[in-house]
Amino acid sequence: MQSLNPVLITDSQPIANKAFLLQFNRTFIFKPGQIIGITTQKEIAPRLYSICSTPNDATVSILYTIKEDGVLTPQLSALKAGETIWITQPQGKFLFDGKPSWWIATGTGIAPFYSMFQSGQKPLKLIHGGRTQNDLYFHQEFQALTDYIKCCSQDSGNGIYAGRLTKYIDEQESLPPHINYYLCGSAEMVVDVRNLLIKKGAEYHQIITEIYF
Ligand SMILES: Cc1cc2nc3c(=O)[nH]c(=O)nc-3n(C[C@H](O)[C@H](O)[C@H](O)COP(=O)(O)OP(=O)(O)OC[C@H]3O[C@@H](n4cnc5c(N)ncnc54)[C@H](O)[C@@H]3O)c2cc1C
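Numbering-wise (our numbering), the sequence shown opens with residue 5 and increments by one.
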């Protein structure tokens, strides 16, 4: 088992329905796209979370949603600044290589892309999905991208593509050749999008995934 180290929470705020932004002092170096294990007590196995801040920030930010029937997240959401959590070392290989790419995310799966974006990395296109615009975390900041597609299954208007991101991708006449596709979110979303991209001509090696299971 990986060793756990204590860190002090510096802030913990709800940012949308059931979504929290947790911040704690940075005591390690990492690359945008990496994950970290977090727990509230050593007796509870750490859960994995993408880091959504940049390697230069003094604090580390984590975007998470509460699972009402989950073990960790209800406890995590009750903690306040000044309290202690336990973390592992950063890990993971969901790293952007700078080649022309589409980034595709739903829910908290936007977190690693926010770290990359805030670190100066940019995709050709970001396809961001959620039920409503409130579920598109950091959408105001991402508006600075030249090609930012907001897909909402239960919202419309205001620059929103009304429908799931799979529908948006399926409607594209063709995919750009020789680009990579970075996918992050639930297993269901990642599998559906990967199958769709392959059906539309992408090759398996062009698709890089991070699955939140
Ligand atoms: C690589 C990676 C990165 C991730 N990054 C993020 C992130 O940035 N943000 C984020 O919010 N989440 C992320 N996750 C998910 C996160 O690790 C946790 O799974 C999530 O926060 C739920 O934790 P929990 O302890 O509250 O729920 P858990 O107690 O782990 O339960 C999760 C769900 O599974 C169900 N469940 C639990 N045990 C069983 C069982 N035995 N049988 C059937 N169902 C069961 C629960 O009812 C609940 O709905 C990531 C996961 C991975 C793998």
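Don't be surprised by glycine CBs; every beta carbon is placed ideally from N, CA and C. Predicted, not measured: the structure shown is a model, and the values here were computed from it.
- Approximately 20 angstroms separates the beta-carbon atoms of D174 and L140; this is outside 8 angstroms, ruling out the contact.
- In the assembly as shown, K129 is a buried residue. Its beta-carbon has 16 or more other beta-carbons within 10 Å.
- Minimum Cα-Cα distance from Q38 among the listed residues T92, G74, S54, Q144 corresponds to S54.
- With a contact defined as Cβ atoms closer than 8 angstroms, Y186 and S105 qualify at about 6 angstroms.
- Contact annotation, R135 with C155: C-beta distance approximately 10 angstroms; criterion of less than 8 angstroms not satisfied.
- Here the residues close to ligand 1, judged by CB distance below 6 angstroms to any of its heavy atoms, are I39, R51, L52, Y53, S54, L67, Y68, T69, K71, D73, G74, V75, L76, T77, T112, A115, E214, Y216, F217 in chain order.
- Annotated three-state conformation of N184 is strand, per DSSP.
- The beta carbon of K46 lies closer than 8 angstroms to those of L8, W90 in the same chain, with the five residues before and after it left out.
- From the listed residues T14, P36, T77, S57, the smallest Cα separation to I48 is found for T77.
- Secondary structure of Y68 (DSSP, three-state): strand.
- Rounded to whole angstroms, the gap between the alpha carbons of Q210 and W107 is 12 angstroms.
- Of the candidates L12, T43, N162, N184, the residue whose Cα lies closest to the Cα of T92 is T43.
- When DSSP states are grouped into helix, strand and coil, N199 belongs to the helix group.
- P116 and P10 have their C-alpha atoms spaced approximately 23 angstroms apart.
- C-alpha of D73 to C-alpha of V194: approximately 23 angstroms in a straight line.
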